[in-house]
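Quick note, the sequence shown lines up with residues 0 to 288 if you use numbering that gives the first Met the number 0. All residues carry an ideal CB built from backbone N, CA and C; glycine is no exception.
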Amino acid sequence: MKHCAILTMDNLSDFECYDYLLDEPLAELGWATELISWRAEKVNWDAYDAVIIRSPWDYQDDASAFILSLEQIDNSSARLQNSLSTVCWNIDKIYLKSVAEQGGRIVPTLWHENFSKHDIPEFFDYFSCQQLVIKPRISANADNTFWLKKETAMQFAHQLESVFSQSEFMVQPFINSVIDEGEFSLFYFDGVYSHAILKTPKQDDFRVQEEHGGYLQTVTPEKALLTQADDTLAVITRLTGDMPLYARLDFVRLKNDDNNNKGFALMEAELIEPSLYFNMDDKAAEALC
Numbered sequence: 000m001k002h003c004a005i006l007t008m009d010n011l012s013d014f015e016c017y018d019y020l021l022d023e024p025l026a027e028l029g030w031a032t033e034l035i036s037w038r039a040e041k042v043n044w045d046a047y048d049a050v051i052i053r054s055p056w057d058y059q060d061d062a063s064a065f066i067l068s069l070e071q072i073d074n075s076s077a078r079l080q081n082s083l084s085t086v087c088w089n090i091d092k093i094y095l096k097s098v099a100e101q102g103g104r105i106v107p108t109l110w111h112e113n114f115s116k117h118d119i120p121e122f123f124d125y126f127s128c129q130q131l132v133i134k135p136r137i138s139a140n141a142d143n144t145f146w147l148k149k150e151t152a153m154q155f156a157h158q159l160e161s162v163f164s165q166s167e168f169m170v171q172p173f174i175n176s177v178i179d180e181g182e183f184s185l186f187y188f189d190g191v192y193s194h195a196i197l198k199t200p201k202q203d204d205f206r207v208q209e210e211h212g213g214y215l216q217t218v219t220p221e222k223a224l225l226t227q228a229d230d231t232l233a234v235i236t237r238l239t240g241d242m243p244l245y246a247r248l249d250f251v252r253l254k255n256d257d258n259n260n261k262g263f264a265l266m267e268a269e270l271i272e273p274s275l276y277f278n279m280d281d282k283a284a285e286a287l288c
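Okay, here's the thing in structure tokens:
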């Protein structure tokens, strides 16, 4: 019997987590599983054959400590998945810039640090838009993500300065199709496409996560989206030099002012701790195992 640690957090009570669906198919393949928090101390990682990063959904609160924990695992005899190098590449959303430089299509983005309220009008002018999204470069679960409307944006100036005055952040035009249609997530295991879902926010919100009231449905991605996702994963593999055990690629449809389809743009490549929504496809957990 081999031993696999499922890396999680201290308390998942506020989250929807489906990693328990890995237990049975892993057991059938001769693996015993154990949940271990990334914050746990004095763990003998050599006692495990593999450690799969799954639900450490508070890592953004102390990213340096999280990386240190992963380094301890990586220095043991256990195999860490996804790899430490992939995590270090993916943990800062500046990776999107490198994807774009390699020909991948991303949502238009400005990269900034040391926020000032005087920057707000310039952001709207740069994108020629009426709505913006500002979020940290290191974040999860839409934490500290702000949806701003031009006419009321200055009301959030103090809060934005409090969050971003001494940190790096990213600015994007708000993509209306997030509300009108939703956000597509495509899942890959060892480079092989598994399944896809469409996530839509609740009314008057833009966050698509279940914890924020988002609605999920299984979908069959159209050919153009699947091709773009395949190409994006190929770019990521070239950039990291590593095929991830799992990848979730989040896309949104772009439209012009006349509401015509302009194709898809990558919102995020989730390679650290994405929910893989095993509950949405009855073959997904087995495929990963």
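- Rounded to the nearest angstrom, the gap between the Cα atoms of Q129 and A62 is 33 Å.
- Straight-line measurement puts the Cα of D91 at about 11 Å from the Cα of T85.
- Nearest C-alpha to L95 among E267, K282, E272 and N278: E267.
- Selection I66, L69, Q158 and F163 evaluated against H111 yields F163 as nearest (Cα-Cα).
- According to DSSP, residue pairing for V132 in a beta bridge involves W146 and Q171.
- When the beta-carbon positions are compared, A4 and W56 stay at least 8 Å from each other.
- In the DSSP secondary-structure assignment, L159 is not bridged to any residue.
- If you draw a straight line from the Cα of F126 to the Cα of S176, it is about 17 Å long.
- M266 carries a strand assignment under DSSP once its states are collapsed to helix, strand and coil.
- For T239, the enclosing alpha helix (DSSP H) stretches over residues K222 to T239.
- Taking 8 Å as the upper bound for CB-CB distance, A264 and L275 are not in contact here, some 22 Å apart.
- Looking at the DSSP output, R104 sits in no beta bridge, so it has no partner there.
- In the three-state reduction of the DSSP assignment, Y17 falls in the coil class, being assigned neither a helical nor a strand state.
- T108 places its beta carbon less than 8 Å from that of V170.
- The alpha-carbon separation between T217 and H117 amounts to approximately 43 Å.
- When beta bridges are read from the DSSP output, R247 appears opposite F186 and E269.
- Annotation: the continuous beta strand (DSSP E) that includes Q80 extends over R78 to Q80.
- In this structure, G262 lies away from A228, with their beta-carbon atoms at least 8 Å apart.
- In the structure shown, K1 falls within a strand segment according to DSSP collapsed to helix, strand and coil.
- The beta carbon of F155 lies closer than 8 Å to those of F145 and L147 in the same chain, with the five residues before and after it left out.
- Residue environment analysis places V132 among the buried positions, since at least 16 neighbouring C-beta atoms fall within 10 angstroms of its C-beta.
- Scanning the stretch 24-88 from its first residue to its last, the whole beta strand (DSSP E) runs of 3-plus residues come out as 30-36, 49-52 and 78-80.
- Excluding its 5 nearest sequence neighbours in each direction, D22 has C-beta neighbours in its own chain below 7 Å: T32, listed in chain order.
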